[in-house]
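Chemist:
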Amino acid sequence: MYQFGGQQPMGMMPNIQTVSVVEPYVYQALQSLMRQRLIVDTVRGSIEGFLVDVKPDHIVVQDRKNDQPQFIRTAQIVFIMPINNG
């Protein structure tokens with residue numbers, strides 16, 4: 007059985023806390039782009055579609071082609087580029 011750091015009794019897990027970083031300027035910028043077509047570059051590649059939802063920790067981008075929403079953690083975003091339709 008796993009023993010954490012040699013200080014916990016066998017079978018007891020350490021107290022784990024989840025930490026989420028909220029970047030208020032990025033969040034505000036994303037909110038101003040709601041319902042617009044954009045490219046989101048992430049650490050795993052680029053995603054193109056319409057921004058349909060913005061939360062403090064993630065965004066939802068949906069493309070007309072596959073109609074599947076893609077949930078992207080804000081912490082994974084490298085840059086955002088709006089696409090002008092005109």
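Note that the numbering used here numbers the sequence shown so that position 4 is 10, with each residue one more than the last. The beta carbon of each residue, even a glycine, is placed where N, CA and C say it ideally should be.
Do Gln76 and Gly55 have their C-beta atoms within less than 8 Å of each other?
Modeler: In contact: Gln76 and Gly55 (Cβ atoms closer than 8 Å).
Chemist: Where are the beta strand (DSSP E) runs, 3 residues long or more, that stay fully inside the region 44 to 78, in chain order?
Modeler: Segments of the beta strand (DSSP E) lying fully in the region 44 to 78: 51 to 60 and 64 to 68.
Chemist: Express the C-alpha separation of Ile83 and Pro30 in angstroms, rounding to a whole number.
Modeler: For Pro30 and Ile83, the distance between alpha carbons rounds to 14 Å.
Chemist: Just verifying my parser: in three-state terms, what is the DSSP assignment at Pro20?
Modeler: In the structure shown, Pro20 sits in coil (DSSP, three-state: anything other than H, G, I, E or B).
Chemist: Tell me, please, whether the region 61 to 81 touches the region 16 to 28 by the rule of three or more beta-carbon pairs shorter than 8 Å.
Modeler: Judged by Cβ distances under 8 Å, the region 61 to 81 makes contact with the region 16 to 28, as three or more pairs qualify.
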